[in-house]
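Per the UniProt record's numbering: the sequence shown ends with 257, consecutive numbering throughout. Below is one structure, written out as structure tokens; the observations come after it.
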Amino acid sequence: MKPTEGVRRIILERIGSTNDEAMRRLLAGEPHPFWVTAARQESGRGRLGSTWVSEPGNLYASLGLVRQIPLPILVQLPTVAALAAYGAVLRVLPDTLAAGLAIKWPNDLLLGGRKVAGILAESRSLGERGTAIVVGIGVNCRHAPTETRYPATSLAASGVTVDPDLLFDALAGEMARELAAWDEGRGFQDQRRRWNAAAASFGETITVRLPRETLVGRFMGLDEAGYLRLVTEGGERRISAGDVFFGSDQQEFAPHG
Numbered sequence: 001m002k003p004t005e006g007v008r009r010i011i012l013e014r015i016g017s018t019n020d021e022a023m024r025r026l027l028a029g030e031p032h033p034f035w036v037t038a039a040r041q042e043s044g045r046g047r048l049g050s051t052w053v054s055e056p057g058n059l060y061a062s063l064g065l066v067r068q069i070p071l072p073i074l075v076q077l078p079t080v081a082a083l084a085a086y087g088a089v090l091r092v093l094p095d096t097l098a099a100g101l102a103i104k105w106p107n108d109l110l111l112g113g114r115k116v117a118g119i120l121a122e123s124r125s126l127g128e129r130g131t132a133i134v135v136g137i138g139v140n141c142r143h144a145p146t147e148t149r150y151p152a153t154s155l156a157a158s159g160v161t162v163d164p165d166l167l168f169d170a171l172a173g174e175m176a177r178e179l180a181a182w183d184e185g186r187g188f189q190d191q192r193r194r195w196n197a198a199a200a201s202f203g204e205t206i207t208v209r210l211p212r213e214t215l216v217g218r219f220m221g222l223d224e225a226g227y228l229r230l231v232t233e234g235g236e237r238r239i240s241a242g243d244v245f246f247g248s249d250q251q252e253f254a255p256h257g
């Protein structure tokens, strides 16, 4: 069985947000897992309410699923999703560019030091049914925004031409493999080591923006629980993805260093 078999793909020409559409379907009780993809988003979102510029020619995809797992395990999902996106993009890069691909803690991919992909994971409690989870992934295949807080790029700008549908096939396969390897936390330690090996700025000084504070320190990767290790002047801080985004009802987890 191919990794993508058994997972439906809902293909839309345009939508407000693939994440919103996936969550709407989960809350309505639609069978899962499934992917929602769109050629264009009219109100795509990023972390902290930022707008994801959604030009046609890029990949916009959201995976919807329901799981019954505790929060400390749930917040490992951005790491899992980042590895899947990393593996998918790596497939289409020539060897000369592969070394320039890195994961930026933990919801962006960088190519040559510029953002080429972003991840937004969201969840909502379904009570006894478990937790509705949406993992949205956008990849700049053909276009990249110009007015952004962090410099962006596209695969095309690096001379890589890729059809978004073919990249989606790679992404769906990588996500299926990473979710199976994760096994709801039981396989996370190997993934954590692979994530650390692919991380941008490992051992360097970074800035971490939290809802109530901004921290500056030396980035030492992820610990065994998937927390960011940041060595500051006041000592080592360990930051969970849940510390950044989890709220009381509509919850998001995707910290951004």
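Note that beta-carbon positions come from the ideal geometry of N, C-alpha and C, so glycine has one too.
Less than 8 Å between the CB atoms is what I'm expecting for residue i and residue j, so what's the real figure, rounded?
| i | j | result |
| --- | --- | --- |
| G64 | L26 | 5 Å |
| residue 332 | V7 | It is not possible to answer for residue 332, since the shown part of the chain is limited to 1 through 257. |
| A39 | R9 | Contact doesn't hold; Cβ gap of about 13 Å is too wide. |
| T79 | G226 | 6 Å |
| V92 | L179 | Actually they are not in contact, since the Cβ atoms of V92 and L179 sit about 21 Å apart, beyond 8 Å. |
| A61 | T18 | 6 Å |
| D108 | G118 | 5 Å |
| C141 | A157 | In fact, because the Cβ distance is near 10 Å, the residues do not count as touching under 8 Å. |
| V187 | F202 | Sequence inspection shows Gly at residue 187; the Val mentioned does not correspond to that position. Rounded, the Cβ-Cβ distance is 22 Å, inconsistent with contact. |
Label residue i either buried or exposed according to how many other C-beta atoms from any shown protein chain fall within 10 Å of its C-beta, with 16 as the threshold for buried.
| i | result |
| --- | --- |
| V139 | buried |
| A98 | exposed |
| E127 | Looking at the sequence provided, one finds Gly at residue 127 rather than Glu. Flag for G127 reads exposed. |
| T146 | exposed |
| W195 | buried |
| I133 | buried |
| P31 | exposed |
| T37 | buried |
| residue 266 | In the structure displayed, the chain extends from 1 to 257; residue 266 sits before or after that span and is not available. |
| S240 | buried |
| S28 | Here residue 28 turns out to be Ala, not Ser, going by the sequence shown. Exposed: under 16 other Cβ atoms inside 10 Å. |
| P164 | buried |
| E236 | exposed |
| E21 | buried |
| G136 | buried |
| Q191 | buried |
| A82 | buried |
| A176 | buried |
Leaving out the 5 sequence neighbours to the left and right, which residues in its chain are closer than 6 Å to residue i when beta-carbon positions are compared?
| i | result |
| --- | --- |
| P151 | R114 |
| G87 | E174 |
| L110 | A102, K104 and A200 |
| L77 | A121 |
| L48 | Unreliable positioning characterises L48 in this predicted model, as indicated by a pLDDT of 49, which lies under 50. A coordinate reading is not provided. |
| L12 | A38 |
| T148 | none |
For residue i, write down the residues that DSSP places opposite it in a beta bridge.
| i | result |
| --- | --- |
| V216 | T207 |
| T37 | I11 and A61 |
| residue 266 | No answer is possible for residue 266: the residues shown for the chain start at 1 and end at 257. |
| V135 | L63 and A121 |
| P56 | N58 |
| A199 | I103 |
| L230 | F219 and R237 |
Within a Cβ cutoff of 7 Å, which residues of the same chain sit near residue i, ignoring the five residues on either side of it in sequence?
| i | result |
| --- | --- |
| T232 | L215, V216 and G217 |
| D223 | R229 and R238 |
| H143 | E55, G57, N58 and S154 |
| P33 | V7, L63, G64 and L65 |
Can you list, in chain order, the residues of its chain whose CB lies under 8 Å from that of residue i, leaving out five sequence neighbours each side?
| i | result |
| --- | --- |
| E184 | R67, I69 and I73 |
| V160 | V92, L93, P94 and L97 |
| L90 | A98 and L101 |
- Task: Would you mind listing the alpha helix (DSSP H) stretches within the region 75 to 101 that are 4+ residues and don't spill past its ends, in chain order?
- Result: 77 to 92 and 95 to 98
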